[in-house]
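Per this note's numbering, the very first residue in the sequence shown carries number 67; after that it's consecutive.
In this text, a Cβ means the ideal position worked out from N, Cα and C, and glycines have one as well.
Just so you know, these numbers come straight off a predicted model, no measurement behind them.
As structure tokens, the structure follows; a few thoughts come after it.
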Amino acid sequence: MSFVRSFIAIDLAEETKAKIGLFEDRLRNLSHPVHWESQENFHINLLFLGDTRTATLGLISAALKSEIKKRPFELVPGHLDYLYKKHGDSIIYVSVEGEVKKLKELRDQVCRCVERVTKYDAPSRFLPHITIGRIKPYIGQQEKKNILSDIIKYQPKRFAPFVVGEVRLMQTNNLDDAGHRYATVTKVTFGS
67 MSFVRSFIAI DLAEETKAKI GLFEDRLRNL SHPVHWESQE NFHINLLFLG DTRTATLGLI
127 SAALKSEIKK RPFELVPGHL DYLYKKHGDS IIYVSVEGEV KKLKELRDQV CRCVERVTKY
187 DAPSRFLPHI TIGRIKPYIG QQEKKNILSD IIKYQPKRFA PFVVGEVRLM QTNNLDDAGH
247 RYATVTKVTF GS
């Protein structure tokens, strides 16, 4: 029985990834012990599935293709913020603005679809964001707080909106300290 670490997400337009990547480069120059995400990995996670059976991915793919019916909508990368975790990876992220209500409706639709197929009860809390960095748990609590308070001083200039026109079932490859890459399992394109 084969398992794949997977999630359902919105992949960002290449232009949006590049602009966030330029901002991230400014933060990298601060030389803090942060694992910065590769810009090719920037996405908005709708639902983390974790280690999922390969056969189940096929069922989820089919359900997403038949049930996700949306029109394209616009989002805008927003401000820099973070989620502090005392005993886990603290994340540094760019918030998401724009047609967030439509994003939440999409997320709810994805969750219902997955729950119907797998009986997976998705977390109700949803914070739309684009993770750009992680501070590992082995960094001391006070140092972690100092790093986060220093980084948060830097805010991006206004980003351009981007169109959300698809949702993807993704898998994580090469998950280790050197980094990871995401691969698309299924892409569901919205109607116009």
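query, result
"Between the Cα of T255 and the Cα atoms of Y248, V230, R191, H246, which residue gives the shortest distance?", "V230"
"Can you tell me whether S215 is buried or exposed, with buried defined as 16 or more other CB within 10 angstroms of its CB?", "exposed"
"Roughly how many whole angstroms lie between the Cα atoms of N111 and P143?", "14 Å"
"Please list, in chain order, all residues of the same chain as K253 whose beta carbon is under 7 Å from its beta carbon, the five residues on each side excluded.", "E232, R234"
"For the alpha helix (DSSP H) that E209 lies in, which residues bound it at each end?", "207-217"
"Using alpha carbons as the reference points, say which of I196, F225, R94 lies closest to Y148.", "I196"
"Taking only three categories from DSSP, how would you classify L78?", "coil"
"May I have the straight-line CA-CA distance separating S190 from Q207, to the nearest angstrom?", "28 Å"
"Just tell me which of R182, I217, C179, N239 has its CA closest to the CA of G199.", "I217"
"Reducing DSSP to helix, strand and coil, say where R182 ends up.", "helix"
"Measuring alpha carbon to alpha carbon, tell me which of S97, F225, S72, R92 ends up nearest I201.", "S97"
"Can you tell me where the alpha helix (DSSP H) holding L96 begins and where it ends?", "L96 -> no alpha helix (DSSP H), and no H or E assigned at all."
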